[in-house]
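Chemist:
Number of protein chains: 2
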Amino acid sequence: MHANQPLTADLAEARAESQRITDMLALVAERVPLQRRVVHAGDTIYRCGDPCSQLFVLNTGCCKIVNSASDGRAQVVGLLFRGDWIGFDGIAGGRYRCDAVALDTGEVWALRYDALLAACAQHPPLLAMLHAEMSRVIGRDRDSLMALTTLSADARVAEFLRLMADALACRGLRTDQITLRMTRAEIGNYLGLTLESVSRALSRLARQHLIGFADGARREIRIPDVGALASFVGLETAPAGATVQ
Amino acid sequence: MHANQPLTADLAEARAESQRITDMLALVAERVPLQRRVVHAGDTIYRCGDPCSQLFVLNTGCCKIVNSASDGRAQVVGLLFRGDWIGFDGIAGGRYRCDAVALDTGEVWALRYDALLAACAQHPPLLAMLHAEMSRVIGRDRDSLMALTTLSADARVAEFLRLMADALACRGLRTDQITLRMTRAEIGNYLGLTLESVSRALSRLARQHLIGFADGARREIRIPDVGALASFVGLETAPAGATVQ
DNA sequence: CGACGCGTTGAGTTAACTCAATGCTCGTGG
DNA sequence: CCACGAGCATTGAGTTAACTCAACGCGTCG
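For the record, the sequence lines run as chains B and E.
Add 297 to the 1-based position in the first sequence for the numbering used here, that's all there is to it.
Add 297 to the 1-based position in the second sequence for the numbering used here, that's all there is to it.
(1) State the start and end residues of the unbroken alpha helix (DSSP H) segment that holds Leu414 (chain E).
(2) Taking Ala407 (chain E) as the reference, give the member of E:Phe529, E:Gly513, E:Pro348, E:Val329 with the closest Cα.
(3) Would the segment 435-455 of chain B count as touching the segment 481-491 of chain B if we require 3 or more Cβ pairs under 8 angstroms?
(4) Can we count Thr446 (chain E) as close to the ligand SAM, meaning its CB is less than 6 angstroms from some heavy atom?
(5) CA-CA distance, Asp522 (chain B) and Asp473 (chain B)?
(6) Using a C-beta to C-beta distance shorter than 7 angstroms, which residues of chain B count as neighbours of Arg446 (chain E)?
(7) Counting contacts by CB-CB distance shorter than 7 angstroms, is Asn364 (chain E) in contact with chain B?
(8) What number of angstroms, rounded off, separates the C-alpha of Ile342 (chain B) from the C-alpha of Ala397 (chain B)?
(9) Quick check on Ser528 (chain B) - is its C-beta less than 7 angstroms from some C-beta in chain E?
(10) Mapping the DSSP letters down to three states, classify Ser528 (chain B) as helix, strand or coil.
(11) So, helix, strand or coil for Glu533 (chain E), using DSSP?
(12) Contact criterion: CB-CB distance below 7 angstroms. Does Ala389 (chain B) meet it with respect to chain E?
(13) Looking at the structure shown, is Thr491 (chain E) part of a helix, part of a strand, or coil, going by DSSP?
(14) Could you compute how far the alpha carbon of Ala326 (chain B) sits from the alpha carbon of Cys349 (chain B)?
(15) What first and last residue would you give for the alpha helix (DSSP H) that runs through Ile319 (chain B)?
(16) Does any residue of chain E have a CB that is nearer than 7 angstroms to the CB of Phe385 (chain B)?
(17) For Ala429 (chain B), go through chain E and note every residue whose CB falls closer than 8 angstroms to its CB, in chain order.
(18) Counting beta carbon pairs with one atom in the segment 360-377 of chain E and one in the segment 389-404 of chain E, are three or more of them shorter than 8 angstroms?
(19) Taking the alpha carbon of Gly513 (chain E) as the reference point, which residue from E:Thr476, E:Arg471, E:Leu427, E:Leu465 has its own alpha carbon closest?
(20) Could you name the residues of chain E that Val434 (chain B) contacts, counting a contact when the two beta carbons are closer than 7 angstroms?
(21) What separation, rounded to the nearest whole angstrom, lies between the Cα atoms of Val336 (chain E) and Leu322 (chain E)?
(22) So Gln351 (chain E) and Arg409 (chain E) are in contact, right, with Cβ under 8 angstroms, and what is the actual spacing, rounded?
(23) Just the Cα atoms here: how many angstroms apart are Arg312 (chain B) and Gly380 (chain B)?
(24) Could you work out which residues of chain B lie near Leu442 (chain E), taking near to mean beta carbons separated by less than 8 angstroms?
(25) Tell me the DSSP secondary structure of Val523 (chain B) in three-state form.
(26) Of the choices E:Gly509, E:Phe385, E:Leu502, whose alpha-carbon is the least far from that of Val530 (chain E)?
(27) Between the Cα of Arg344 (chain B) and those of B:Gly384, B:Cys359, B:Leu324, spot the shortest distance and give me the residue it belongs to.
(28) Could you tell me which residues DSSP pairs with Glu517 (chain B) in its beta bridges?
(29) Along chain B, in chain order, which residues have C-beta atoms closer than 7 angstroms to that of Asp368 (chain E)?
(30) By how many angstroms is the C-alpha of Leu331 (chain B) removed from the C-alpha of Ala412 (chain B)?
(31) Work out the CA separation of Glu314 (chain B) and Gly390 (chain E) for me, nearest whole Å.
(32) Roughly how many angstroms separate the alpha carbons of Leu532 (chain B) and Ala309 (chain B), rounded to a whole number?
(33) Hey, how far is the Cα of Asp451 (chain E) from the Cα of Leu507 (chain E)?
(34) Which first and last residues belong to the beta strand (DSSP E) in which Arg334 (chain E) is found?
(35) In whole angstroms, what is the alpha-carbon distance linking Pro421 (chain E) and Asp340 (chain E)?
(36) Considering only the beta carbon of each residue, do Ala527 (chain E) and Arg459 (chain E) sit closer than 7 angstroms?
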């Protein structure tokens, strides 16, 4: 059973996932005292080094997680959507270890960590859900790690789009067309590529009709067939040590 | 406060970390029913797809986490040492999403997940510790992600050795000399490089006297000055999109 | 309008890859 | 004991995917 990529191939699965997210949000809203906050593109949800007394849940919109090293390197290490939890990285050391920045207008729920634990003590299913969410983050990060080292530039971009479409599909949004909320430079940073490589990869994918551009600014991507995109990712073999053993 | 890399620079910090691990293990051993299992190099701790009813804690030895995609790509996505928890990835879906394989003789503690939760309900500090461990995994995975995309081949190898030395230092083991328990191919797979690139990088580091070989098989690495290695990693600038914004 | 931010495309360079040869260790069996 | 082979590591030569640098196009906004 080697099926790690969140390939939510069929509609039924996407719908189940969508239901799961809805249920999770309802459970949280019902059981945990929370503070709603509307954020706009560019707003910081939390900053690296801030004391971590809250966790966040994205109710609408999307945001990026930026890791910054002491030597100045900074990198997008995650993209989050409706139903995703933010801030787990801060629990261990008491301070957040990265920045969380909104990419779009949306609503974030802030939960005090102690209040959340208290609610979990009252209602065990909440704790199970919390653990599942943390587990999900771990699994997802490992999948990104793998994509970065095993895929070529074109495949990485294709995978990025596929993941984006998948994330939207799981949230009941249209999947045939997606609006990129990031510049080529940001996408490149996330994928470990230069902005020129991202641009070229997108052009090549478009030339193969795996994607299409829907607007002049080239931020709206049409995806006629997500399956074709997925198989493209599979076909492209890795340039470096793809397999072990 | 942009200091993400677990740069356990000074001895005091390493000793504190060592204490934390010891305390954590003692807490677990005291409060949670567990099954001890001795593993040898190559033994599988769990396999991708197995139902996840247990978590594991590495008491001694080291092991690797291997992610496998449906299309056959397989990759080492984590290295674990004494005190590290294994299996969090399985909580969300009820099945493990990767393989865990011992690299060395060691002892693994198996904890039934339900028993662990029961113990946490009895003793809240245990729950805090569990969450901290999950948080730690998340933070560490993000650091690897960043290293992969922002560092050159030589810097990646240097960072790998630095991390290894750091992990050993935090566990009270000698840090000036480390034994690699992986082949060049495995290291390359972990770092997103070919085995030849790893070999060349090691040779270059040795030529610069940042490391030395202590045996004929070139598996024993001497590190005269971990600080020098760390600054080498910082100096090497990224070939691709190092910064954003 | 002119400046600016973002995206694309071309030309040349380079870091890392592939392929191939060779050497070192170690275990095994004559 | 030594010969042999398997497995791992190193090194060289040539190739290539991705990078850098640079030019240019397009849309937006003051």
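Ideal Cβ placement from N, Cα and C applies to all residues, glycine included.
Quick caveat, the model's predicted, so the values are computed rather than measured.
Modeler: According to the structure shown:
(1) 410-419
(2) E:Val329
(3) yes
(4) Among the components modelled here there is no ligand, and therefore nothing to report on the ligand SAM.
(5) 8 angstroms
(6) According to the sequence provided, residue 446 (chain E) is Thr. The question's Arg does not apply to it. Correct list: Gln372, Leu445, Gly489.
(7) yes
(8) Distance between the alpha carbons of Ile342 (chain B) and Ala397 (chain B) is about 5 angstroms.
(9) Contact with chain E is absent for Ser528 (chain B), since none of that chain's Cβ atoms lies less than 7 angstroms from the residue's Cβ.
(10) helix
(11) coil
(12) yes
(13) coil
(14) 21 angstroms
(15) Looking at the sequence provided, one finds Thr at residue 319 (chain B) rather than Ile. Run containing Thr319 (chain B): 308-328, per the alpha helix (DSSP H) assignment.
(16) So, interface residue.
(17) Ile388, Ala389
(18) Because the criterion of three Cβ pairs below 8 angstroms is met, the segment 389-404 of chain E and the segment 360-377 of chain E touch.
(19) E:Thr476
(20) Chain E residues near Val434 (chain B): Ile435.
(21) Roughly 18 angstroms separates the two Cα atoms.
(22) 6 angstroms
(23) If you draw a straight line from the Cα of Arg312 (chain B) to the Cα of Gly380 (chain B), it is about 14 angstroms long.
(24) Asn364, Gln372, Val374, Asp438, Ser441, Leu442, Leu445
(25) helix
(26) E:Leu502
(27) Between Arg344 (chain B) and the set B:Gly384, B:Cys359, B:Leu324, the nearest pair of CA atoms involves B:Gly384.
(28) B:Thr476
(29) Gly531
(30) 9 angstroms
(31) 12 angstroms
(32) 25 angstroms
(33) Approximately 11 angstroms, taken between the alpha carbons.
(34) 331-336
(35) 34 angstroms
(36) Yes, the Cβ-Cβ distance between Ala527 (chain E) and Arg459 (chain E) is below 7 angstroms.
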